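I have placed the structure first, in the form of C-alpha cells, so that the comments after it can refer back to it.
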Amino acid sequence: MSAAADRTPFARQAAGERGQALLESLLRCVNVGAALDTIRMHVEGLLAVTSISWQVDDERYCGTVCEPAEHTIPVALSLDDRAFGRLRLYSRRPVAEDELAQLREMLSVVAYPLRNLRMLEHALIAAEHDALTGLKNRRAFDLELKAVHARVARYGGQASLLMLDMTRFKAINDTYGHDVGDRALARVAEGLDRCLRETDSAYRLGGDEFVVILPETPSEGARRLGARVLDWFREHPLREPRGERVPLKARMGMAQFREGEDADDWFRRTDQALYGNAEPSGTNRRLDRLA
Numbered sequence: 095m096s097a098a099a100d101r102t103p104f105a106r107q108a109a110g111e112r113g114q115a116l117l118e119s120l121l122r123c124v125n126v127g128a129a130l131d132t133i134r135m136h137v138e139g140l141l142a143v144t145s146i147s148w149q150v151d152d153e154r155y156c157g158t159v160c161e162p163a164e165h166t167i168p169v170a171l172s173l174d175d176r177a178f179g180r181l182r183l184y185s186r187r188p189v190a191e192d193e194l195a196q197l198r199e200m201l202s203v204v205a206y207p208l209r210n211l212r213m214l215e216h217a218l219i220a221a222e223h224d225a226l227t228g229l230k231n232r233r234a235f236d237l238e239l240k241a242v243h244a245r246v247a248r249y250g251g252q253a254s255l256l257m258l259d260m261t262r263f264k265a266i267n268d269t270y271g272h273d274v275g276d277r278a279l280a281r282v283a284e285g286l287d288r289c290l291r292e293t294d295s296a297y298r299l300g301g302d303e304f305v306v307i308l309p310e311t312p313s314e315g316a317r318r319l320g321a322r323v324l325d326w327f328r329e330h331p332l333r334e335p336r337g338e339r340v341p342l343k344a345r346m347g348m349a350q351f352r353e354g355e356d357a358d359d360w361f362r363r364t365d366q367a368l369y370g371n372a373e374p375s376g377t378n379r380r381l382d383r384l385a
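Per my numbering, the sequence shown runs over residues 95 to 385.
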C-alpha cells in the first residue's frame, strides 16, 4: 500500500472536533501515562502512531506502548503563552505538512490536562515522601505494611520488619548544630539505600526513627541486613564543616511476620525489639533481640 493510501484525510473530521473529543477523554485520565496513551489512541488511526513521550523540564514521561517506528513527530506545547515541554509521537510513516498543522491544532488542548495530572503526581509523591531524606514517610509505610501483611497472611511466605534509630542523634545536634543533624539523617537514608535490595523499601517514621519492609525475608535475613547497614554506618561517618569525624550510631530491632497476627501487632513487636536492643559497640555487630 502506498504512503498516500495509508493516510486517513484529516478533512473527514474537523481538527477542532477531534480536539474536543480528545479533551473529554483526557479529563477522565488519572495520571500522565494514561493521558499519553489516550493521546496516542486518538491519533494512531490517523497517523500510524506507534508510541508517544513527553519531555517537560528535566522530566520525561512515556506511554505504556513503545513500538519502534522510523519517523518522529515533535509537537511543542505551550501553556499561557509559555513553552511547556514537547510531545514526541513516533510514526510508521512521514507526515505531510497539512497533516502536521492539523495535528498541532488537535493537540493544542492537551497542555492543561497534562499540567494538572503532572501537578497531581507531584503532590502525591510529596504526600508520601519525607522532604529531608527522600525516603517514603509514615503514611506510605502504613499503606505498604497493610499490603505486605495482607499478602503474606493470605498466601503465606516470609516477611520481616527492621527498625532503627540513631542513639546519639541529640548529641550530634547539640554539638555540631541542626544542619549537621540533618545531614546525619540524610546519611542514614543513603546507607539504607545502598544496602537494601530492589524489593525492600525504607521509610522515615519521624525524628531519627526509620523502618524497612523486607518481603520474602526470614528473621535471619533481616539480621544479616541489619549487620550490613551497621557496617556501612561505621565505614561512612560524616565530616562536619571543620573536618571533624562524626560517627553514626544506631540500634535496631527486627520481627518476622507470625501467622495469625495483624499488622499492628507485627509492627509493635518490631518496636519492642528495637528498644530491647543495646547499641552495638566497637566491632560488635550482634543483634541479639529479635521479636
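Here a beta-carbon is modelled for each residue, glycine too, at the ideal position from N, C-alpha and C. From a predicted model like this one, the values you see are computed outputs, not experimental measurements.
Judged by DSSP secondary structure, Ser313 falls within the alpha helix (DSSP H) whose first and last residues are 313-329. Within the stretch 178-241, complete alpha helix (DSSP H) segments of at least 4 residues are found at 191-200, 205-221, given in chain order. Going by DSSP, Thr364 is part of the alpha helix (DSSP H) stretching over 357-370. Contact check for Val305 against Leu258 passes: the beta carbons are separated by less than 9 Å. Asp358 sits exposed, since fewer than 16 C-beta atoms from the chains shown fall within 10 Å of its C-beta.
Judged by pairs of C-beta atoms under 8 Å, the stretch 147-161 touches the stretch 180-194, as three or more such pairs exist. The beta carbon of Thr261 is closer than 7 Å to those of Lys343, Ala344, Arg345, Glu373 in its chain, skipping five residues each way along the sequence. Boundaries of the beta strand (DSSP E) harbouring Thr144: 143-150, taken from the DSSP string.
The C-alpha of Glu191 is placed about 20 Å away from the C-alpha of Ser172.
Ser254 and Lys264 have their C-alpha atoms spaced approximately 29 Å apart. Distance from the CA atom of Glu199 to the CA atom of Glu193, rounded to whole angstroms, is 10 Å. With a cut-off of 8 Å on Cβ pairs, the stretch 200-213 is in contact with the stretch 120-127, counting three or more such pairs. Assigned with DSSP and collapsed to three states, Gly110 falls in helix. Ala142 sits buried, since 16 or more C-beta atoms from the chains shown fall within 10 Å of its C-beta.
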